[in-house]
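Chemist: Residue numbers (the numbering used here), protein chains in the order written: chain B, 902 to 1194; chain H, 902 to 1194; chain G, 902 to 1194; chain W, 902 to 1194; chain E, 902 to 1194; chain F, 902 to 1194.
6 protein chains.
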Amino acid sequence: MAGMLSQPAITPPPPFLYRDIISRAIREDLNHGDITTSCIIPAGQRATAVIVAKEPCVVAGVFVAKECFLSLDSKAEFLTEAREGSRVEAGGLLLECRGDCACLLAGERVALNFLQRMCGTATLASRFAQAVSGTGCRVVDTRKTTPGLRILEKYAVRTGGCFNHRFDLSDGILIKDNHIAACGGSVKEAVSRARVNAPHGLRIEVEVSSLPELEDALDAGAEAVLLDNMDCTELEEAVRYARDRKPGIILEASGGVTLENVRDIAKTGVDIVSTGSLTHSARAVDLSMRINS
Amino acid sequence: MAGMLSQPAITPPPPFLYRDIISRAIREDLNHGDITTSCIIPAGQRATAVIVAKEPCVVAGVFVAKECFLSLDSKAEFLTEAREGSRVEAGGLLLECRGDCACLLAGERVALNFLQRMCGTATLASRFAQAVSGTGCRVVDTRKTTPGLRILEKYAVRTGGCFNHRFDLSDGILIKDNHIAACGGSVKEAVSRARVNAPHGLRIEVEVSSLPELEDALDAGAEAVLLDNMDCTELEEAVRYARDRKPGIILEASGGVTLENVRDIAKTGVDIVSTGSLTHSARAVDLSMRINS
Amino acid sequence: MAGMLSQPAITPPPPFLYRDIISRAIREDLNHGDITTSCIIPAGQRATAVIVAKEPCVVAGVFVAKECFLSLDSKAEFLTEAREGSRVEAGGLLLECRGDCACLLAGERVALNFLQRMCGTATLASRFAQAVSGTGCRVVDTRKTTPGLRILEKYAVRTGGCFNHRFDLSDGILIKDNHIAACGGSVKEAVSRARVNAPHGLRIEVEVSSLPELEDALDAGAEAVLLDNMDCTELEEAVRYARDRKPGIILEASGGVTLENVRDIAKTGVDIVSTGSLTHSARAVDLSMRINS
Amino acid sequence: MAGMLSQPAITPPPPFLYRDIISRAIREDLNHGDITTSCIIPAGQRATAVIVAKEPCVVAGVFVAKECFLSLDSKAEFLTEAREGSRVEAGGLLLECRGDCACLLAGERVALNFLQRMCGTATLASRFAQAVSGTGCRVVDTRKTTPGLRILEKYAVRTGGCFNHRFDLSDGILIKDNHIAACGGSVKEAVSRARVNAPHGLRIEVEVSSLPELEDALDAGAEAVLLDNMDCTELEEAVRYARDRKPGIILEASGGVTLENVRDIAKTGVDIVSTGSLTHSARAVDLSMRINS
Amino acid sequence: MAGMLSQPAITPPPPFLYRDIISRAIREDLNHGDITTSCIIPAGQRATAVIVAKEPCVVAGVFVAKECFLSLDSKAEFLTEAREGSRVEAGGLLLECRGDCACLLAGERVALNFLQRMCGTATLASRFAQAVSGTGCRVVDTRKTTPGLRILEKYAVRTGGCFNHRFDLSDGILIKDNHIAACGGSVKEAVSRARVNAPHGLRIEVEVSSLPELEDALDAGAEAVLLDNMDCTELEEAVRYARDRKPGIILEASGGVTLENVRDIAKTGVDIVSTGSLTHSARAVDLSMRINS
Amino acid sequence: MAGMLSQPAITPPPPFLYRDIISRAIREDLNHGDITTSCIIPAGQRATAVIVAKEPCVVAGVFVAKECFLSLDSKAEFLTEAREGSRVEAGGLLLECRGDCACLLAGERVALNFLQRMCGTATLASRFAQAVSGTGCRVVDTRKTTPGLRILEKYAVRTGGCFNHRFDLSDGILIKDNHIAACGGSVKEAVSRARVNAPHGLRIEVEVSSLPELEDALDAGAEAVLLDNMDCTELEEAVRYARDRKPGIILEASGGVTLENVRDIAKTGVDIVSTGSLTHSARAVDLSMRINS
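1. In terms of residues, what are the limits of the beta strand (DSSP E) holding Cys1133 of chain E?
2. Report the option in W:Arg988, W:Asn1098 and W:Lys1055 whose CA atom is closest to the CA atom of Thr912 of chain E.
3. For the stretch 1059-1085 of chain G, which residues have a CB atom closer than 9 angstroms to at least one CB atom of chain H, in sequence order?
4. Per DSSP, which residues does Asn1193 of chain W bridge with? Please list them.
5. May I ask you to report which of helix, strand or coil DSSP gives Asp1001 of chain F?
6. According to DSSP, simplified to helix, strand and coil, what is Ser975 of chain H?
7. Within 8 angstroms of any Cβ in chain D, is that where the Cβ of Leu1025 of chain B sits?
8. Assign Cys859 of chain F to one of three DSSP states: helix, strand, or coil.
9. Relative to the alpha-carbon of Ala1026 of chain B, which residue among B:Asp1187, B:Ser1182 and B:Met1131 has its alpha-carbon at the smallest distance?
10. Output the distance between the C-alpha atoms of Ala991 of chain B and Thr1036 of chain H, rounded to the nearest integer angstrom.
11. Examine the Cβ distances between the stretch 953-973 of chain W and the stretch 1012-1021 of chain W and report whether three or more of them are shorter than 8 angstroms.
12. Could you name the residues of chain W that Leu1103 of chain E contacts, counting a contact when the two beta carbons are closer than 9 angstroms?
13. Could you name the residues of the stretch 909-927 of chain E whose beta carbon sits closer than 8 angstroms to any beta carbon of chain W, in the order they occur along the chain?
14. Just the chain E side, please: which residues come within less than 9 angstroms of Val1174 of chain W by C-beta, in chain order?
15. Pull out every residue of the stretch 956-973 of chain G whose Cβ sits closer than 7 angstroms to any Cβ of chain E, in chain order.
16. In whole angstroms, give me the CA-to-CA distance for Leu1119 of chain F and Leu1119 of chain B.
17. Run through the stretch 1037-1071 of chain H for me and flag every whole alpha helix (DSSP H) of 4 or more residues, listed as ranges in chain order.
18. How about Leu1152 of chain G and Asp1172 of chain G: do their beta carbons lie closer than 8 angstroms?
19. Can you list the alpha helix (DSSP H) stretches of 4 or more residues lying completely in the stretch 1142-1181 of chain E, in chain order?
20. Taking all protein chains shown into account, decide if Ser975 of chain W is buried (16 or more other Cβ within 10 angstroms of its Cβ) or exposed.
21. Quick check: the stretch 997-1005 of chain B against the stretch 1147-1166 of chain B, are at least 3 beta-carbon pairs closer than 8 angstroms?
22. Would you please verify whether the beta carbon of Ala977 of chain B is less than 8 angstroms from any beta carbon of chain F?
23. Please return the same chain residues whose Cβ sits closer than 8 angstroms to the Cβ of Glu968 of chain W, not counting the five positions on each side in sequence.
24. In angstroms, rounded to a whole number, what distance separates the CA positions of Gly1177 of chain F and Leu973 of chain G?
25. Have a look at W:Leu1127, W:Ala1143, W:Val963 and W:Arg1146 and flag the residue whose alpha-carbon is nearest the alpha-carbon of Val1041 of chain W.
26. What's the C-alpha gap between Val1140 of chain W and Ala1032 of chain W?
27. Helix, strand or coil, according to DSSP, for Glu968 of chain H in the structure here?
28. For the beta strand (DSSP E) containing Ile1074 of chain W, list its first residue and its last residue.
29. Go ahead and pull the three-state DSSP assignment for Val1097 of chain F.
30. Are the C-beta atoms of Asn1193 of chain W and some chain E residue less than 8 angstroms apart?
31. Flag Gly934 of chain G as yes if its beta-carbon sits less than 8 angstroms from any beta-carbon of chain W, otherwise no.
32. Between F:Asp1078, F:Leu931 and F:Leu1013, which lies nearest to Val960 of chain F when the distance is taken from Cα to Cα?
33. Please list, in chain order, all residues of the same chain as Ala926 of chain W whose beta carbon is under 8 angstroms from its beta carbon, the five residues on each side excluded.
34. Whose C-beta lies closer than 6 angstroms to the C-beta of Gly1170 of chain E among residues of the same chain, with five residues either side of it excluded?
35. Alpha carbon to alpha carbon, how far is Tyr1056 of chain B from Gly1000 of chain B? Give it in angstroms, no decimals.
Here it is as structure tokens:
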């Protein structure tokens, strides 16, 4: 897995895939109209809005904010925008937009709601990426994402310098304790069923929580192993054992990962550390929007 | 606003209003199928799943988890479930479900993704509610919710003992600095336009950040005032001034609210303290699901 | 409520909010294609269409008609269009459109179906507005709108010079006889429950049909009162009583309102007269479209 | 067309075809919840609701009202319901429903909005049907229906005893003046193009407004003719001429049809009289709902 | 039915009617992104793609392929495109497109999946059309189309030179054996019920499989007859009998139609031969796409 | 890949994933109603329908046909049904259903349209599976499926005894000639970029069409290789070379695969043979439905 060390590419998903998410969010907040704005702001008035950071952060999701404003005012123009993945300091400008004043006001909250979450995730990811830097180990996310926002959150993770685990239940095989339990407790049986039925493009990964289970998984033909909730000593032992028996195997550590301990985990020799905190508990970044007529 | 002090009612929204949210979330995670499970678990195998808390929390969203499983297995049955709004300790049971094993496995992650966020919000809300208990002041949420999940998050806020601010741009008038700026800086003009055009059922609330602005707002006929980013000394002065001039006015404080300072803010005499942190930065509660065949 | 007397602003809702309504209407009428037109009119033929009034009316919804044609021919151009809210005589031009001939023919009926209803509502509203002119009382609509078309109909009401009551069940509190009945007959209990649970931005309005009920409502703390089905003598008495006890209270009269009696009702001193006839029984205006090749 | 004289069958459309219409209507009115009801009515309280007519009418759409309540409370039960197509007097019962009190209150307005319009259309249709009774002529509707509600309105027309013209642009060929104009003014050319391209199951109907045009239409091979805006003398002449030349031809009169003149028109010998007023200008019937706990 | 002999017009359906089909197809194939392409191709790289035929075919659906690419890259440009209905040899160019390289790669398969099916249907249709050429008989399709793709397949049929039968259950009356069975076996009863209830624009067609049934159908007043599963001798007899009794009747033959026997069937004198094979069993044409950077 | 040889499990996809496909198909065919049936068949009449095969086939999709009928008549009951994957002879019964007569008639065509295609694919798949039986090689499908029906078609492939390749662009990495071209012609570069960015659960497969390209792919670290359009001699050589250099590599042959040559290809030692014909050109099986009142 030597090739896995570099930075991930920061390519936003195609608009085709997130436009509905934005439409729904605007509909949720706008309902039958922005009553305050429509009472106060005359039709046709134009304005400029700037979105600025009120604390340092890594930028992710400016294209989503733009799409929010474009949904309401298809002629909105963007004068300045921060580069995705760049670091912005407190007071830094993320986006400057000129358009219909009522539309800017109506889109403000939704645009910020997306942006502050995506920047929050990217910022946390950048700290994880930095924490393991140089160890040759990747930090990856999980499926513990916010329902409905996975494509944006997984993008934010990459933008911050971490990597993605499988996206959904269809594009990766991960045999967990519950599967094994449901399979009568036999790792061997579970792996062999997976080999018959799974498309050949998917590797078979098995979750284990002890050395004996690791041994079973390797016996059964696992191509990747998730070492769950082991401490660093156990991880080192597991890595040593697995590498001995099957040099090319992919090893992933998970469970109780924090910014504080991630480097130690990474140094046990695993290829990958996965943590749900990237997407389920990142703090929103504080952003604000100001209108200039 | 004396009547505002009691506990909010904990009534889940009608399923009609959140079923689509769940469907989309399942579709997002399931895509074209749970490849691991469909490879390993035979059709028709039945099992029992239990969801337990791995840390103390306030319960919110069990009905959402149930709906996740029912979407996949319309005959799933629920043997035990924690009461919404109740407190559960580490190890406590939130839900016990019997149904098709493959469906339980396929629905696990989505059910947990909803539940751990909703419980997280409710738990944080309960700490805020407790912090102001006895002061006669309410803590309310904002529109800084997760795009697409507002109805569930606002419910979780109530479940934890806090209250809701307006739900969306249609059901409340809040004239903020940006509106006033766009209106040529005149609070008076903004309020008077709102009075002409707004339905009579909506109160007119105005955001101010200084005493002179408060004075303007009261002059203009504001029926509620949001005191933004004032410290406790300023708040006390503002409350005194406003109550003198217009006894029935509703006063809301916002900006920089934390669990640490919320009681002091409440004690300044405002009716309401609002904080976005309830919905944008609550930490997910750690939950897990175990399958028993 | 002195500020309530002016004309409402005529701002069409953002296209984001009505595009789906138009799409569905076109799909309903077009189904798998305009078989007559596609059999007869060659692809690529261009034409000009004019929509004219066959009777005097107030214009509302030209933007909807335009969107109908644009849905089918994104390059359609509009050469002339009547101003929203303006009065057009028999023979007057509402819209002149140049585009693909087959698209104009296919869109004709749907465009007219919207336009003749919206103009019908605006025309009726303008007669109501004129009837109360100078009394300082507003005529407002109700939720008795055509299912699926509320946003357009409420807009047409404003275009004709009347005002909107609450839009939906979420953006206004109106405690009606059925609520009070379900609440054990106690207005007091109903109002006090509403005060605990409702967002602070919503006024609490209570429906009453007699003076004793009005007294109860005021005792309970109602902030607005709907005087239902009272004749003018009763209304005058109710207004006098309520203004004495609570000067700022908002008073609304409803029930059996017609163009003939609305001025008398307005002169009883109520702030608002509401009538469902604006939206549920307005006669469609007679319009026709002519194609010029 | 002798077989055309009987009563139409009153079969409601399959629920599959109107469920979405109801969902959207409920979503439109409910938005994020019935704030009044959810503040006041405890979860789980049960009640009975009755819908009664406040004026005589023909019943149409009770199944739609039922579906409204079922959407919100899937366990609602219906104790009594008026038969579709039956006549109900003032005070007569249309529907009695037992279910969750909050759901009955939340669904009331939408259920009534559908029902009062559908009964209005059916009632008007029954008057038209009665007016031509015994003449051997049918009254049919047009495509001048309310956008989004066509399937329900066309059903209400049948329920009142009138008949349906084509449903949409796909299921009938009607060559109108605009088509002929766009076709260079040649009826012959238009009809012959239609014969090449139209499926063989569709008759070709041509709109004419004078005898010479009627002659052209018959020359061209029209299989049905719409006699537009002719007075009774002209209609009689047209009928005589057409029956002479092509005995089996179907003749339809349209334009300026009212309850007053429809019988005279019918007696000119046309097979069909069509009128848009059935669907675009029927007055809503006055209905009300009462909750009994 | 003399006018029925010419070529059908090749007019693509309005984009309004097939855009959703394309969106769903892209979503189906793209899911959360083209993982191969997004890993390998840098954002912003441009390329040209050419789609060529690997075997001779009749072109149908190039506009669909274009829409596929435009869905992903709204700025894609089309440099060359084959004319709908034209014949292309092996190696012939169907479409040349310049745009974002990643979008071209992501859209390739879906564009080809549509195009190879539509060309397959058009190519088969052209062989059927040629087979009956000069006989004065039309070959038409049926409702045996691919679920979800009917509008595109029926278009492809016309593009190949055949004609369309009714599109769906709403726009044609065809009384089949199952209807007659359900109607107690009486053709007469079935036809007479249809005459009462059907809109006057629809002809009544009856399916028969023997001469006695044909006789019944004519007695009952059928306006078109489907002669099902008769051999050529029976067809000739049926045609003779029917033309004698009712000269203008439309006669359709169906059942067991192949490219080999269609001309003989056509020569029996029927107006129409219908065959489901056009849409349910056409072989996909072999096409390929090549990227040139 | 020894474990790959067994039969695939025949588990239908969860209804959650295909219900929309069926709804759309019914809407497509039903439009605003089955005009023939609603004219002729009285509401409430019940009947039994049987679907029988008119030629031998492998059964796939009976659950889809059932869902079609249930969509229209939620109380339809199924008396007999053929087992998925079983072989049925001409005249054999696939499904016997009792329910509302009008619903059975309205659903007939859509149910059959799905079923005849799915059985067609399963039947073809079973012939491919049999052709390679005993060789230790799998036949798999491709993404050349019918737009919108992939989940059903891929299921039908498994039901016939073949296997699935990746489902969509998200769940498998396949670097094809176009990717390599767009990547400047360097297999090495393409593979190494994929290794950086792809989730670790996906194997990297590379398409090659010559031995030198195979060599490059192996050098670059490909984990699976698609040998495109090679004849059996070339394939044998490629297999020998690849197995020598990298024993565990997965080898897939594609291009020009037919029932006639598939066994020879399988015997070259490749693990997998893929062919689009399974899904893009399977002939529909001849089925018919008969109503018994």
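Glycine residues also receive a C-beta, built at the ideal position from the N, C-alpha and C atoms.
No experiment lies behind these values; they were computed from the predicted model shown.
Modeler: On the basis of the coordinates in this document:
1. For the purposes of this step, residue 1133 of chain E is taken as the residue at position 232 of the fifth sequence. For Cys1133 of chain E, no beta strand (DSSP E) segment is defined; the enclosing uninterrupted segment is the alpha helix (DSSP H) at Cys1133 to Arg1146.
2. Residue numbering aside, residue 912 of chain E sits at position 11 when the fifth sequence is read from its first letter. Residue nearest to Thr912 of chain E within the set W:Arg988, W:Asn1098 and W:Lys1055 is W:Asn1098 (criterion: CA-CA distance).
3. Arg1059, Phe1064, Asn1065, His1066, Arg1067, Phe1068, Asp1069, Ser1071, Asp1072, Gly1073, Ile1074 and Leu1075
4. Residue mapping note: residue 1193 of chain W aligns to position 292 of the fourth sequence, counting from 1. According to DSSP, Asn1193 of chain W bridges with W:Thr949.
5. Residue numbering aside, residue 1001 of chain F sits at position 100 when the sixth sequence is read from its first letter. In the structure shown, Asp1001 of chain F sits in a strand (DSSP, three-state: E or B).
6. Taking the first residue of the second sequence as position 1, residue 975 of chain H is located at position 74. Reduced to three states, the DSSP call for Ser975 of chain H is coil.
7. In summary, chain D is missing from the structure at hand, where the protein chains are B, H, G, W, E and F.
8. No answer is possible for residue 859 of chain F: it lies beyond the span of chain F, which begins at 902 and ends at 1194.
9. Mapped onto the first sequence, residue 1026 of chain B falls at position 125. Considering only alpha carbons, the answer is B:Ser1182.
10. The count along the first sequence starts at 1 and reaches residue 991 of chain B at position 90. The count along the second sequence starts at 1 and reaches residue 1036 of chain H at position 135. For Ala991 of chain B and Thr1036 of chain H, the distance between alpha carbons rounds to 35 angstroms.
11. yes
12. The residue you call residue 1103 of chain E lines up with position 202 of the fifth sequence. Simply Arg1067, Asp1072, Gly1073, Gly1102, Leu1103 and Arg1104.
13. Listed in sequence order: Pro909 and Ala910.
14. One-based indexing of the fourth sequence puts residue 1174 of chain W at position 273. Those within 9 angstroms of Val1174 of chain W in chain E number zero; the least Cβ separation is about 12 angstroms.
15. Within the stretch 956-973 of chain G, the qualifying residues are Ser972 and Leu973.
16. Numbered from its first residue, the sixth sequence carries residue 1119 of chain F at position 218. Numbered from its first residue, the first sequence carries residue 1119 of chain B at position 218. C-alpha separation (whole angstroms): 25 angstroms.
17. 1051-1060
18. In the third sequence, residue 1152 of chain G corresponds to position 251, counting from 1. In the third sequence, residue 1172 of chain G corresponds to position 271, counting from 1. Yes, the pair counts as a contact, with Cβ atoms nearer than the cut-off.
19. 1163-1167 and 1178-1181
20. Your numbering for residue 975 of chain W matches position 74 in the fourth sequence. The residue in question, Ser975 of chain W, is exposed, as its Cβ has fewer than 16 Cβ neighbours within 10 Å.
21. no
22. Indexing the first sequence from 1 puts residue 977 of chain B at position 76. With 8 angstroms as the cut-off, Ala977 of chain B does not count as an interface residue toward chain F.
23. Sequence index remark: in the fourth sequence, residue 968 of chain W carries index 67 (1-based). Around Glu968 of chain W: Pro916, Tyr919, Arg920 and Ile923.
24. Locating residue 1177 of chain F in the sixth sequence gives position 276, where the first residue counts as 1. Locating residue 973 of chain G in the third sequence gives position 72, where the first residue counts as 1. Straight-line Cα distance between these residues: approximately 36 angstroms.
25. As a working note, residue 1041 of chain W is residue 140 in the fourth sequence. Nearest C-alpha to Val1041 of chain W: W:Leu1127.
26. The sequence position of residue 1140 of chain W within the fourth sequence is 239, counting from 1. The sequence position of residue 1032 of chain W within the fourth sequence is 131, counting from 1. Approximately 20 angstroms, taken between the alpha carbons.
27. Translated into the one-based positions of the second sequence, residue 968 of chain H becomes position 67. Three-state result, Glu968 of chain H: helix.
28. Along the fourth sequence, read from residue 1 onward, the residue named residue 1074 of chain W stands at position 173. That run of the beta strand (DSSP E) goes Ile1074 to Ile1076.
29. The count along the sixth sequence starts at 1 and reaches residue 1097 of chain F at position 196. Three-state result, Val1097 of chain F: helix.
30. Locating residue 1193 of chain W in the fourth sequence gives position 292, counting from the first residue. No, Asn1193 of chain W does not count as interfacial toward chain E.
31. Translated into positions along the third sequence, residue 934 of chain G becomes position 33. Judged by the 8 angstroms Cβ criterion, Gly934 of chain G is in contact with chain W.
32. Along the sixth sequence, one-based indexing puts residue 960 of chain F at 59. The candidate whose alpha carbon is nearest that of Val960 of chain F is F:Leu1013.
33. Your numbering for residue 926 of chain W matches position 25 in the fourth sequence. The answer, listed in chain order, is Cys969, Val1011, Asn1014 and Phe1015.
34. Mapped onto the fifth sequence, residue 1170 of chain E falls at position 269. Closer than 6 angstroms at the Cβ level, and outside the excluded window around Gly1170 of chain E, lie Val1140.
35. For the purposes of this step, residue 1000 of chain B is taken as residue 99 along the first sequence, with counting starting at 1. For the purposes of this step, residue 1056 of chain B is taken as residue 155 along the first sequence, with counting starting at 1. If you draw a straight line from the Cα of Gly1000 of chain B to the Cα of Tyr1056 of chain B, it comes to about 28 angstroms.
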